[in-house]
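Reviewing the structure listed below.
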Amino acid sequence: MSDSTPPVVERAPYRDPSVGDLVIRTSDRTEFHVHQRRIADVSSVFADMLTLPPSPASTTTPKPIVDVSEPSTVWEKLLPICHVAEEPPLSLEDIGDLLEAARKYNMVGVTSRMRPFLMHYELIEQKPFAVYALACVAGFQDVARAAAQRTLRFPIYPPHAAQYRLVTAEALYRLFEYRQKCGDVAGSVLDCGNGFPRWMSHVHLDQLQRCNQHCSLPSTIDYRDGDYLCIPMPWKEYLRSLATALRSQPDANLPCDPSFLGPLMDGLSSCSNGQCSKKGWKASMYLSQAIKEEFEKKISEVKLVFEQ
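Each residue of the sequence shown is one higher than the one before, counting from 6 in the working numbering.
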């Protein structure tokens, strides 16, 4: 004997007319059925709106209807967040739309829940310019600073991002101002005149010395801690080229980049004894890491002027 009970059809979230006492109708005429009290709790704009006389109900429902200008794709993401339900997956475009809606309807809780999305590792590492823009919109100073620092790895003129339309020109100016300050700091880390940077210790420079007194490489003399150190010129050239690059692209990873270490090792390979290049690789790893750490310390002191 077959079961005659009709199958239960699950409706999409917030689409069940038997639920709630308010209809939110989107620009594409999709109707979401919600509870007035919950929407009023998360939005002062809706709270004020719901104190006004209701608009005429549609022919299919006796509930009051609020027409909104956003499409259903925005409200499908917004309502679960308003109801503290399971968070939907969000793209950068979704976050921008939600922040705009949260600002329009004064949904402070929705805005605050965007912070962990923007701080997601892959998002802030791969799209720092867009994250910076959205952080400015949301008023997240900590996120804006973290994103600004990560923009330093990219060319000074990034590809266009739709999120730029949401921020002021002043906010974008502050980002480029921050980059310029970081470039100045980066260059100063390696400013050394005819010698080597003073923050480099005897331990740093001792590893760079020529292999022996018969080394054929042109060298420069540096006096450090009561000792004269004879250092092959390829090391000096490495620092000069790196300082120039860091001024325009103040990326802490550049000291370890093969595009700089490669020419250094090529220069050291000209040693007639073959010893400078043998010890040069280990020394280059040590020195490049030391430069990176010094650079990151200095960059952390650069302040971003935050603008919403």
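Note that CB positions come from ideal geometry on N, CA and C, so glycine has one too.
For Ile70, does the three-state DSSP call read helix, strand or coil? strand
Which residues does DSSP pair with Gly32 in a beta bridge? Rather than Gly, the amino acid found at residue 32 in this sequence is Ser. Its beta-bridge partners do not exist; DSSP assigns none.
Going by beta-carbon coordinates alone, are Tyr243 and Leu269 separated by less than 8 Å? yes
At a Cβ threshold of 8 Å, is Lys297 touching chain B? You won't find chain B in this structure, because it holds only one protein chain.
Tell me the residue span of the alpha helix (DSSP H) that contains Ile129. Tyr126 to Gln131
Could you work out which residue in Glu81, Val71, Ile70 and Leu57 is closest to Pro18 when comparing CA atoms only? Glu81
Any idea what DSSP makes of Leu269, helix, strand or coil? Of the three classes helix, strand and coil, the one that applies to Leu269 here is helix, per DSSP.
Can you check the stretch 116-199 for any alpha helix (DSSP H) of at least 4 residues that lies completely inside it and give the ranges in chain order? 120-123, 126-131, 133-143, 146-156 and 174-194
Within 8 Å, strictly: CB atoms of Ile236 and Leu273: no
Hey, is the stretch 156-168 in contact with the stretch 85-93, meaning 3+ C-beta pairs nearer than 8 Å? With a cut-off of 8 Å, the stretch 85-93 and the stretch 156-168 do not count as touching, because too few Cβ pairs lie within range.
How would you call Val113, buried or exposed, if buried means at least 16 neighbouring beta carbons within 10 angstroms? With fewer than 16 other Cβ atoms within 10 Å, it is exposed.
Along the alpha helix (DSSP H) that carries Ser282, what are the first and last residues, could you check? Gln280 to Ile304
Whether Ala45 touches Phe51 by CB criterion (8 Å): yes
Straight-line gap, Ser63 to Leu57 (C-alpha atoms, nearest Å): The predicted position of Ser63 is uncertain, since its pLDDT is 48 and thus under 50; no value can be drawn from it.
Looking at C-alpha atoms only, which residue of Lys303, Glu98, Arg42 and Lys241 is the closest neighbour of Asn199? Lys241
Tell me, please, which residues DSSP counts as bridged to Pro237. Ser224
Measure the alpha-carbon distance for Leu177 versus Leu84 and round it to whole angstroms. 31 Å
What are the start and end residues of the alpha helix (DSSP H) that includes Ala257? Per DSSP, Ala257 belongs to no alpha helix (DSSP H) and is neither H nor E.
Do the stretch 207-227 and the stretch 244-254 meet, that is, are 3 or more Cβ pairs less than 8 Å apart? No: the two stretches stay apart, fewer than three of their Cβ pairs being nearer than 8 Å.
Helix, strand or coil, according to DSSP, for Asp46 in the structure here? helix
Arg42 vs Val71 beta-carbon contact at 8 Å: no
Would Ala153 pass as a contact of Leu171 if the rule is Cβ separation under 8 Å? no
Given this structure, state the Cα-to-Cα distance separating Ala138 from Thr173, to the nearest angstrom. Those two C-alpha atoms are separated by around 9 Å.
Look up Asp232 in the DSSP assignment and give the residues it is bridged to. Arg229
Under a three-way DSSP split, which group does Gln39 fall into? According to the sequence as given, residue 39 is Val; it is not Gln. Reduced to three states, the DSSP call for Val39 is strand.
Between Lys68, Val47 and Met54, which has its C-alpha nearest Val24's C-alpha? Lys68
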